[in-house]
Structures are given as C-alpha cells and as structure tokens.
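Position 254 of the sequence shown, counting from 1, maps to 255 under the working numbering, and the rest follow consecutively.
Even glycine gets a Cβ: it sits at the ideal position worked out from N, Cα and C.
Just so we're clear, the structure is a prediction, and the values are computed from it rather than from any experiment.
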Amino acid sequence: MLLSMTGFGDARTQDPDAGLTISAEIRAVNNRNLKITTRINDPYGRLEPELERLVRDRVRRGTVQVSVRVERPRKPEDYRLNKTALDGYRARIAELGGVVDFAALMTLPGVVEELSTAAPDLERDWPIVARVAAEALETFEADRAREGAAMAAELAGLGRAIRETVGLIADRVPHLVQEHQKRLVERVQTLVREHGVTVEPKDVIREIAILADRGDVSEELVRLRAHLDQYEEILGASESSGRKLEFVVQEMGRETNTIGSKSLDVEISRRVVDVKGALERIRELVQNVE
Numbered sequence: 002m003l004l005s006m007t008g009f010g011d012a013r014t015q016d017p018d019a020g021l022t023i024s025a026e027i028r029a030v031n032n033r034n035l036k037i038t039t040r041i042n043d044p045y046g047r048l049e050p051e052l053e054r055l056v057r058d059r060v061r062r063g064t065v066q067v068s069v070r071v072e073r074p075r076k077p078e079d080y081r082l083n084k085t086a087l088d089g090y091r092a093r094i095a096e097l098g099g100v101v102d103f104a105a106l107m108t109l110p111g112v113v114e115e116l117s118t119a120a121p122d123l124e125r126d127w128p129i130v131a132r133v134a135a136e137a138l139e140t141f142e143a144d145r146a147r148e149g150a151a152m153a154a155e156l157a158g159l160g161r162a163i164r165e166t167v168g169l170i171a172d173r174v175p176h177l178v179q180e181h182q183k184r185l186v187e188r189v190q191t192l193v194r195e196h197g198v199t200v201e202p203k204d205v206i207r208e209i210a211i212l213a214d215r216g217d218v219s220e221e222l223v224r225l226r227a228h229l230d231q232y233e234e235i236l237g238a239s240e241s242s243g244r245k246l247e248f249v250v251q252e253m254g255r256e257t258n259t260i261g262s263k264s265l266d267v268e269i270s271r272r273v274v275d276v277k278g279a280l281e282r283i284r285e286l287v288q289n290v291e
C-alpha cells in the first residue's frame, strides 16, 4: 500500500481529571529524507523529544511538523487583586474629579496580578499528551493513505500504458530487418542499373546483418519488461517504498533511452517518446511516495 508523504491530521481532547485541554496538529510535505520539527508550548517543552520519537516510529520520509498545545483552564485562585494599585488609581481619579468605574479599573496595569503557577507534572501529563498526539497521527496516516491510494491507481495505469507501448515496439522490431533488406536491395539495384557496379551477394548479406545487429533492441525490451514486473510488484506490496520505485523508474528510463538511440525507425522513436512521457509523470508522482 502506497503512502503519500504529504498529509494532515489533528486531534483535541479535554481531560477533566487533569484539568487539561490538549490539541495536536501534524502536517507533512515532501522530502527525500525524514525531518521532524516539534513544537509544544511552555512549560512542556521537555516533551518535544518524546513527540519526535512517536512520529519517527511511524513515518519514514518527509518533512513533518508537529504542533501541540496544552492549556489548563484558569481558576480564581490563579489571580490576586493588588489593593495598593487599585487604591492609587481610585485616589488619582478622585483628585481629577472623575467618576470611578470599577470595571474599567480592573483592566488597568497592575490591578489584577496573575500568580505564577506550579510547574506541571510531566510524567503525569505525558500519557494524555501522547494519546492526543497518537490520535492526530492516526488521522494523519489516514489522510496519507487516501492520497497514496489515488497515486497508486494512477501509477498502475501509467505502468499498463508503458507495457502496452513496449508491446507495440516489440511487434515492430521483426519487420525492421525485412525493411532494411528491402531498402538495401533497392539501392544495390539502382547502383547496378545506373553505374554498372558489381555487388557480391555476401556483401549484401553482411550489411544486412550489421544493420540488424546495430538496431537489435530485444535485450533492452526484455529488461524493460522485467523492470515493469518489479514496478508492479512494488505497487502491490503491503509496505510503501518510494525509494525502490525511484530506482526501478530510473532503470526503466535507461533502457528506454537505449532503445531510442539504437533504433532508426520513426515509428519506434515515436513509441519511445510516449514511454518517456509516461515515465516523467511517474517520476513526478513517485517524488511524493513515502
């Protein structure tokens, strides 16, 4: 099953026992290697290596960004009223003859102080954070699997198109020797007729043999079909392997280029262009396969 390197997943939960609200987001884009960036708000920064390990266990390639936020709802005891500051503001307003608005006073700097909270218990909170991160990973992987299935279908179709075109090239090859022989005989007959040149039959046979050997692409076709077999096996495998696909497509391209360079036939050259076009599309898709 192919997996896309791009994807998005998120999760959110409220844990009343721990008094925590946790949200997690995971997104990824293409990368030949694995690069993970984790971000979690203070004072939970020490959990970032643990988050990275969670992702590394399930993702092999791509640039992955993990963002987690842990919030604890505020309680009345988390704040303190600074009566000194409040009295100072009231006195100043009275001196100016203004009307005291207590709601407005509460928003002035220094009137309400936020007390520093105790450091969180990371060992207690980590299982909750890990559970939310794992849920986000599940939705992330489901997203990658959906995109991977769409890519697999397109890649399979491109492989079938290449195999069909290779079959057309193989069907064309046997006719090439006959056509070379016909053209060569016609040229010899023209030389004999117009210039009285004498050509030995063995020379004609040797020339035909040279042309046939020079344009023989049977071995390249055999190897190209073998690479197509391997390509289809990788697509149908249970494990996604973009690197293997990259290697096989590279080998398919090499054999296709050799066929194009060895053959002087216009029809085969056109078929080679078709194969190269399909391979280029495959390369674009494979760049996004994990």
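Return yes when the Cβ of residue j is within less than 9 angstroms of the Cβ of residue i, no when it is not.
{"i": "arginine 57", "j": "isoleucine 37", "result": "yes"}
{"i": "tyrosine 45", "j": "valine 130", "result": "yes"}
{"i": "leucine 138", "j": "leucine 55", "result": "yes"}
{"i": "alanine 25", "j": "arginine 70", "result": "yes"}
{"i": "tyrosine 90", "j": "valine 67", "result": "no"}
{"i": "valine 65", "j": "arginine 28", "result": "yes"}
{"i": "glycine 237", "j": "asparagine 289", "result": "no"}
{"i": "glutamate 233", "j": "glycine 278", "result": "no"}
Which residue marks the beginning of the beta strand (DSSP E) containing residue i, and which one marks its end?
{"i": "arginine 13", "result": "8 to 16"}
{"i": "threonine 22", "result": "21 to 30"}
{"i": "valine 113", "result": "113 to 115"}
Whole angstroms are fine: how far does the CA of residue j sit from the CA of residue i?
{"i": "alanine 143", "j": "leucine 3", "result": "12 angstroms"}
{"i": "arginine 255", "j": "leucine 169", "result": "19 angstroms"}
{"i": "arginine 125", "j": "alanine 86", "result": "38 angstroms"}
{"i": "leucine 156", "j": "arginine 173", "result": "26 angstroms"}
{"i": "isoleucine 23", "j": "serine 239", "result": "34 angstroms"}
{"i": "histidine 176", "j": "glutamate 220", "result": "17 angstroms"}
{"i": "arginine 73", "j": "leucine 21", "result": "5 angstroms"}
{"i": "leucine 82", "j": "threonine 108", "result": "11 angstroms"}
{"i": "glutamate 285", "j": "valine 218", "result": "27 angstroms"}
{"i": "alanine 171", "j": "leucine 222", "result": "7 angstroms"}
{"i": "serine 241", "j": "alanine 12", "result": "25 angstroms"}
{"i": "proline 128", "j": "leucine 35", "result": "25 angstroms"}
{"i": "isoleucine 269", "j": "threonine 257", "result": "11 angstroms"}
{"i": "arginine 164", "j": "aspartate 43", "result": "56 angstroms"}
{"i": "threonine 14", "j": "glutamate 291", "result": "29 angstroms"}
{"i": "leucine 97", "j": "proline 110", "result": "19 angstroms"}
{"i": "alanine 151", "j": "phenylalanine 141", "result": "16 angstroms"}
{"i": "alanine 104", "j": "proline 121", "result": "32 angstroms"}
{"i": "leucine 102", "j": "aspartate 16", "result": "The sequence given here has aspartate at residue 102, not leucine. Using only the alpha carbons, I get a separation of about 38 angstroms."}
{"i": "alanine 162", "j": "glutamate 281", "result": "13 angstroms"}
Pull up the CB-CB distance for residue i and residue j, whole angstroms please, since I reckon it's below 8 angstroms.
{"i": "leucine 123", "j": "leucine 52", "result": "Their Cβ separation, rounded to whole angstroms, is 12 angstroms, which puts leucine 123 and leucine 52 out of contact at 8 angstroms."}
{"i": "aspartate 266", "j": "threonine 166", "result": "With a Cβ gap of about 14 angstroms, aspartate 266 and threonine 166 do not count as contacting."}
{"i": "isoleucine 283", "j": "valine 273", "result": "Wrong, their Cβ atoms sit about 15 angstroms apart, outside the cutoff."}
Which residue marks the beginning of the alpha helix (DSSP H) containing residue i, and which one marks its end?
{"i": "serine 219", "result": "219 to 237"}
{"i": "arginine 91", "result": "84 to 96"}
{"i": "glycine 278", "result": "267 to 287"}
{"i": "valine 71", "result": "No alpha helix (DSSP H) holds valine 71; the beta strand (DSSP E) holding it covers 63 to 72."}
{"i": "valine 249", "result": "243 to 263"}
{"i": "arginine 54", "result": "49 to 57"}
{"i": "leucine 35", "result": "Here leucine 35 belongs to no alpha helix (DSSP H); instead the beta strand (DSSP E) covers 35 to 41."}
{"i": "leucine 106", "result": "103 to 106"}
| At a cut of 8 angstroms, does the segment 215 to 233 reach the segment 247 to 256 through at least three beta carbon pairs? | Three or more Cβ pairs drawn from the segment 215 to 233 and the segment 247 to 256 lie within less than 8 angstroms of each other, which places the two stretches in contact.
| said: Does the structure place the segment 131 to 151 close enough to the segment 4 to 17 that three or more beta carbon pairs sit under 8 angstroms? | reply: The segment 4 to 17 is in contact with the segment 131 to 151.
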